[in-house]
């Protein structure tokens with residue numbers, strides 16, 4: 136009897152990040168992943184894999200081609216979980232070459248099959264019990280000193296006590312990072328914390344340099360408990376040497392992707408910790424096998440992640456973290472929309488206070504529509520994620536408009552409604568905000584009348600615009616508003632201008648310049664009596 140085909144869609148997923156993340160091996164301002172949707176009889180599942188050529192040797196383009204060639208015409212002949220497990224075992228060698236691609240494929244199939252069976256992915260895999268509550272690590276990139284300090288403060292305020300520092304390689308800079316972290320923890324009353332260092336293979340072929348550098352760092356703190364990937368991947372003799380010299384465990388990331396890699400460390404002197412990432416191991420089935428082997432050896436386990444992973448991989452990693460049990464000593468990831476601009480799924484999973492993420496309780500997260508609550512029952516079928524690809528996440532905006540100003544700066548706007556017609560409302564956001572927050576207002580107005588369009592531009596340095604944080608001068612911002620109104624007047628009979636908070640201050644000034652071009656002005660909590668903080672805008676408004 137022939138197997139019923141599963142329809143497969145594979146595509147690259149490029150997710151802009153809200154900041155540039157740097158370490159010794161790479162600098163990244165967007166996440167690059169493989170996205171797969173598996174569908175059959177109206178049921179669908181989703182999977183993600185993050186290829187990294189410097190980790191497992193797989194690239195984005197080659198991985199997508201492998202999926203397309205292996206499963207031509209977008210069809211995969213898998214009936215059940217047993218078929219997936221059997222395929223994984225029989226094709227282990229080729230999966231070693233394309234682990235991220237198979238990770239995405241397997242995840243999508245597991246999600247699909249568990250939805251068809253109306254059960255969790257954990258039930259399908261035989262991972263019993265409730266999902267593990269995750270307590271995540273604060274990841275500190277190789278940033279400038281002021282940026283590093285800012286991130287440390289934010290993590291400490293959130294209650295984090297587990298820190299991972301990406302090393303630079305310059306001893307003075309790395310010593311400064313440790314000193315900043317130690318000093319701020321002391322000042323803010325954090326006494327029970329721990330640190331691990333990630334070298335990202337900084338000293339490939341130079342174990343003595345690694346030992347000297349790391350020994351100098353170790354001498355400054357009693358809170359250092361491990362060092363990650365100091366030398367070349369799989370350079371087992373050098374790795375062993377570093378561990379013995381420091382008297383610390385070496386965390387294996389690039390050096391441990393498969394069961395074959397694990398065999399390289401059999402009977403090797405030193406202490407080692409495994410960093411498991413689903414993309415580099417080739418999916419959940421292989422990760423669970425590796426975790427079982429590690430537990431038998433008595434190794435400690437960290438569930439890691441790649442920069443730019445979305446909530447799909449965060450959710451799947453909770454499964455493997457649960458399987459690790461008491462061997463699990465740390466988790467990485469769960470940044471959600473702290474880091475990524477747009478998630479391909481909902482809800483966006485991110486840590487809260489003390490780095491905690493617990494899906495056994497109601498999960499709360501913010502959207503442009505307001506606070507949403509996901510009940511624990513949501514995770515009882517599949518991975519519990521709702522896909523939003525290839526369509527970008529719906530925050531109530533069907534389109535984005537970009538208008539270039541005279542100085543070539545591009546102003547992005549969210550648009551609800553038609554591109555022309557009778558009436559349009561231009562809404563300006565407040566001082567510490569962006570246009571996405573106007574979605575509830577826009578949707579409410581559109582529900583009353585579909586004849587009105589709403590346009591909400593992001594002010595310079597805000598939202599979807601470039602040079603985040605650089606707001607430009609007051610006069611320049613006002614000129615942008617005038618230009619926008621005049622642009623809209625070409626397509627609409629009547630243009631109304633509205634502003635929230637500080638946006639209302641800008642709107643009042645622009646309205647004077649526009650005169651009869653405007654059909655109406657709405658000022659919402661304009662704050663004309665604020666203190667000196669916003670005096671630059673108020674002074675212009677008063678004049």
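Residue numbers (this note's numbering): 136 to 678. Beta carbons are placed, not taken as given, at the ideal position from N, Cα and C, and that holds for glycine. Every value quoted in this text rests on a predicted model; they were computed, and no experiment measured them.
Residue i versus the options, residue with shortest Cα-Cα distance
i           : options            : result
residue 261 : 377, 274, 179, 424 : 424
residue 473 : 443, 629, 302, 461 : 443
residue 548 : 541, 561, 183, 542 : 561
residue 250 : 476, 461, 515      : 515
residue 416 : 397, 407, 430      : 397
residue 306 : 347, 460, 329, 636 : 347
residue 163 : 172, 153, 551      : 153
residue 258 : 392, 639, 517      : 517
residue 612 : 178, 544, 358, 502 : 544
residue 414 : 325, 463, 234, 374 : 234
residue 449 : 266, 236, 661, 599 : 266
residue 654 : 226, 632, 301      : 632
residue 651 : 374, 620, 640      : 620
residue 627 : 166, 172, 552      : 552
residue 253 : 513, 461, 166, 333 : 513
residue 248 : 567, 202, 172, 151 : 172
residue 167 : 226, 315, 576, 236 : 236
residue 475 : 142, 155, 141, 610 : 155
Residue i vs residue j beta-carbon contact at 8 Å
i           : j           : result
residue 467 : residue 446 : no
residue 580 : residue 589 : yes
residue 349 : residue 310 : no
residue 319 : residue 292 : no
residue 496 : residue 557 : no
residue 404 : residue 429 : no
residue 682 : residue 195 : Residue 682 falls outside the range modelled here, since the chain spans only 136 to 678, and no answer is possible.
residue 313 : residue 284 : no
residue 491 : residue 268 : yes
residue 485 : residue 469 : yes
residue 622 : residue 538 : yes
residue 270 : residue 489 : yes
residue 302 : residue 330 : no
residue 399 : residue 453 : no
Residue interval of the beta strand (DSSP E) (run including residue i)
i           : result
residue 501 : 498–502
residue 142 : 141–158
residue 556 : 556–563
residue 622 : Not the beta strand (DSSP E): residue 622 falls in the alpha helix (DSSP H), residues 609–624.
The alpha helix (DSSP H) enclosing residue i, as first and last residue numbers
i           : result
residue 352 : 342–353
residue 244 : 234–251
residue 394 : 394–398
residue 369 : Premise fails: residue 369 is in no alpha helix (DSSP H) and is neither H nor E.
residue 459 : 446–459
residue 120 : Absent from the structure is residue 120, since the part of the chain shown begins at 136 and ends at 678.
residue 282 : 280–293
residue 189 : Residue 189 -> no alpha helix (DSSP H), and no H or E assigned at all.
residue 595 : Where residue 595 is concerned, there is no enclosing alpha helix (DSSP H), given that its DSSP letter is neither H nor E.
residue 644 : 636–649
residue 268 : No alpha helix (DSSP H) holds residue 268; DSSP gives it neither H nor E.
residue 260 : 256–260
residue 578 : 574–583
residue 416 : 413–416
residue 431 : 419–432
residue 322 : 306–322
6 Å CB neighbourhood of residue i in its chain, flanking five on each side removed
i           : result
residue 602 : 596
residue 459 : 426, 436
residue 573 : 562, 591
residue 598 : 569, 570
residue 532 : Annotation note: pLDDT 41 at residue 532 (below 50); position unreliable, coordinate value reported separately. Contacts found: 549.
7 Å Cβ shell around residue i - same chain, five flanking residues per side excluded
i           : result
residue 483 : 446, 471, 472, 500
residue 336 : 160, 364, 366, 367, 368, 389
residue 455 : 411, 413, 419, 422, 423, 426, 438
residue 534 : 550
Sequence-distant residues of the same chain with beta carbon closer than 8 Å to residue i, five excluded per side
i           : result
residue 523 : 478, 479, 480, 481, 529
residue 527 : Bear in mind that the predicted position of residue 527 carries a pLDDT of just 39, short of 50, making it unreliable; the figure below should be weighed with that in mind. Contacts found: 477.
residue 406 : 378, 383, 384, 385
residue 315 : 280, 283, 284, 287
residue 586 : 556, 557, 558
residue 192 : 232
Test: residue i CB closer than 8 Å to a CB of chain C
i           : result
residue 514 : The structure shown has no chain C; it contains just one protein chain.
Is there contact between the segment 424–443 and the segment 382–402, where contact requires at least three CB pairs shorter than 8 Å? yes
How do the segment 208–222 and the segment 147–160 stand: do at least 3 beta-carbon pairs fall below 8 Å, yes or no? no
Quick check: the segment 296–303 against the segment 245–264, are there 3 or more CB pairs under 8 Å? no
Taking 8 Å as the cut-off, does the segment 265–285 touch the segment 242–253 (at least 3 CB pairs, one atom from each stretch)? no
So, do the segment 323–343 and the segment 354–369 have three or more beta carbon pairs nearer to each other than 8 Å? yes
Contact between the segment 643–660 and the segment 610–629 (3+ Cβ pairs under 8 Å): yes
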